[in-house]
Every structure is written in structure tokens, then in C-alpha cells.
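> Its first residue numbered 1, the sequence shown is counted upward by one per residue in the working numbering.
Even for Gly, the Cβ is constructed at its ideal location relative to N, Cα and C.
Just so you know, these numbers come straight off a predicted model, no measurement behind them.
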Amino acid sequence: MSISAFTLVSCGLLGLLFGSFANVLVYRLPRRESIVFPGSHCPSCAHPIAWYDNIPLLSWLCLRGRCRHCNVVISMRYPLLEAGLGMIWALLAWHFPLTPELGMALVLSFLLWVLSWIDLETGLLPNVLTFPGIAFGLLFSAFAGHFQDAVIGAAAGYAVFWLIARLFLLLTGRQGMGQGDFKLLAMLGAFFGWQALPLVIFLSSFVGAVVGSLYLLAAGRSVRTEIPYGPYLALAGMVWLLWRDALLAWIANMQGGLF
Ligand SMILES: [Zn+2]
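1. Residues around ligand 1, please: the ones whose beta-carbon is closer than 7 Å to some heavy atom of it, in chain order.
2. Tell me which same chain residues have a C-beta within less than 6 Å of the C-beta of tyrosine 232, skipping the five on either side of it?
3. For valine 15, which of Gly133, Asn54 and Ser109 has the nearest alpha-carbon?
4. With a threshold of 8 Å on Cβ separation, who are the neighbours of glycine 84 within its own chain once the five nearest residues in sequence on each side are excluded?
5. Please state the DSSP three-state secondary structure of arginine 166.
6. Give the straight-line distance between the Cα atoms of leucine 163 and alanine 246, rounded to the nearest whole angstrom.
7. Can you tell me which of the three DSSP states arginine 64 falls into?
8. Can you tell me whether proline 97 is helix, strand or coil according to DSSP?
9. By the DSSP assignment, the alpha helix (DSSP H) with alanine 50 in it spans what residues?
10. Of the choices Ile35, Cys70, Ile152 and Leu25, whose alpha-carbon is the least far from that of serine 44?
11. What number of angstroms, rounded off, separates the C-alpha of glycine 153 from the C-alpha of glycine 230?
12. What are the boundary residues of the alpha helix (DSSP H) that asparagine 71 is part of?
13. Is valine 151 near leucine 138, with beta carbons less than 8 Å apart?
14. Arginine 77: which of Ser40, Val26, Leu235 and Leu17 sits nearest, CA to CA?
15. Excluding the 5 residues preceding and the 5 following leucine 81 in the sequence, name in chain order all residues of the same chain whose CB lies nearer than 8 Å to its CB.
16. If methionine 187 sits next to phenylalanine 140, beta carbons under 8 Å apart, how far is it from one beta carbon to the other, in whole angstroms?
17. Just mark valine 36 as buried or exposed, buried being the case when its beta carbon has 16 or more other beta carbons within 10 Å.
18. Which residues does DSSP list as the beta-bridge partners of histidine 41?
19. Figure out for me which residue from Trp51, Arg32 and Pro30 has the closest Cα to the Cα of glycine 39.
20. Please name the residue, chosen from Gly256, Val200 and Val211, that lies closest to tryptophan 243 on a Cα-to-Cα basis.
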């Protein structure tokens, strides 16, 4: 096995394990439960889950998606979240060479993955994730030598969304984005620097608008559903993380064609 194949497989397996931890965070953080005590237990019958029933993906498959004790159906979220992070981490290991940047990408993708799921389920983006995320992003940027861009990115990210939300409230009398969205954009600014903000905002609002319209069409347009914005920000962040250079080259090319 070559070094890169080894890294890819290890990152994929680690991703499954951290996906299992992500499940704990997604379930417990919005409920303000401790993430350490008590140990894993069935949310239905409260029976503690043995280690062999807690192996990412495999246990869920062996148990055919049911609790061993009370037979209640275990949410599809558990295996999906684990397999998803495993694939994301394998993709990152394939994309990035074995450098500190890969470590940054793994941490960032983990945070974005957990935040997206919590936002989808509860409409929240907890501070206990975004604040450490901002701090880690600034720290990494300092280490990589673009601390100043990161500080401006974090501040500008928060300020831009705050301003848009104020304007939206003034014009429509409704709350658009939540505080959590300001902090999530600040976190992306801290990781990437302010240069990423225009494209991240454009991509997330564009994809969000398309998916949101389709959803409203399908669900009937009378509903004024709160559509969580966090997952789109996270997706745009991942696009920037993976294809920043290609995107910037493409934009420069288009400008070259226009002028
Ligand atoms: Zn049970």
C-alpha cells in the first residue's frame, strides 16, 4: 500500500469514528446534555450501549437499524452521519498532501458537518461550536502566516451578515438570518481570510435560494418555513476549501474575457 493510499484509508476510518462522536454532539448539544456523561445509551429505553453495538456503521448494519434491547428503530441519521464524515475525510486526504493544511481541513470539515446537522434538526448553530471554531481558525491562520486577513475575515463576516439581517428586518419586519449564521460566516472568515467571503456568500445564497424555492414549490407556497442557512454556508465553505484556486482562476478568466 502506498503512503497516500494508507493516509486515505486511515482518514476514512478516522472519519467514521469521529462521525460517531459527531452523532453524540448533534444529539446532545442542542439538548444541553453533557457530551461525556452518561455513556452512550438508547434514547428510547435508556439501556447502555455496549462497545460492540457502538462500532460506527457496522453495528447499525448488524442490528438492522434497531436497538438490541427495546427494538426501537435507530434513526438513519446515525449511519448517514458516520459514513458521510468518513467519505469527506477520505476525500480531503486524497485532495491535500500530508501537511498542516490537511489537519486544518479535517477540523474545519468536522465542525461544518456537525453544525449543518444541528441546524437542519433544530435551526440552531451552537456557540460551543462556532466560538472554538473561530478561535481555531485564527490560530491556524496565524500559524500559516495570514493572521491579519483572518481577523479581518472574522470581523467582516460577522458584520456583513449582521448588516444584511438588520436591513432585512427593517424592510420586511421579519427575522431572516439568525445570530448563529453571523458567527458561522465569521468562523469561515477566520479559517480562510476575508478574500473568501464574497464567493462564500454568493454560493451559499445562490444554492440556498434554488433549494429553498424547490422546497417551497414542493411543500406548497403558503408555508413560511424557516429554512436553515447553516448547511449552505458549510457547503460553500467546503467548495472554497477544495477548489479555491480553480474558482479564482475561472473568475479571472471570465473577467479577462469581458474586458
Ligand atoms: Zn432501546
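Reading it off the structure:
1. Here the list is Cys42, Ser44, Cys45, His47, Cys67, His69, Cys70 and Val72.
2. Cβ within range, chain order: Ser204, Val207 and Gly208.
3. It should be pointed out that residue 15 corresponds to glycine in this sequence rather than to valine. Out of Gly133, Asn54 and Ser109, Ser109 has the C-alpha closest to the C-alpha of glycine 15.
4. Closer than 8 Å at Cβ, skipping near neighbours: Gly19 and Trp113.
5. Under the three-state reduction of DSSP output, arginine 166 falls in the helix class.
6. About 30 Å.
7. In the structure shown, arginine 64 adopts coil according to DSSP, grouped into three states.
8. In the structure shown, proline 97 sits in coil (DSSP, three-state: anything other than H, G, I, E or B).
9. Element bounds for alanine 50: n/a, residue is neither H nor E.
10. Cα-wise, what sits closest to serine 44 is Cys70.
11. Cα to Cα, glycine 153 sits roughly 18 Å from glycine 230.
12. In the DSSP assignment, asparagine 71 falls outside any alpha helix (DSSP H), carrying neither H nor E.
13. The beta carbons of valine 151 and leucine 138 sit closer together than 8 Å.
14. When each option's Cα is compared against that of arginine 77, the closest is Val26.
15. Excluding positions up to five away in sequence, the list reads Gly19, Ala22, Asn23, Val26, Trp113 and Trp117.
16. That belief does not hold up - the Cβ atoms of methionine 187 and phenylalanine 140 are roughly 11 Å apart, past 8 Å.
17. Looking at its Cβ environment, which holds fewer than 16 other Cβ atoms inside 10 Å, valine 36 is exposed.
18. Beta-bridge pairing links histidine 41 to Pro48.
19. In terms of CA proximity to glycine 39, Trp51 leads the group Trp51, Arg32 and Pro30.
20. Nearest in C-alpha terms to tryptophan 243, of all of Gly256, Val200 and Val211, is Val200.
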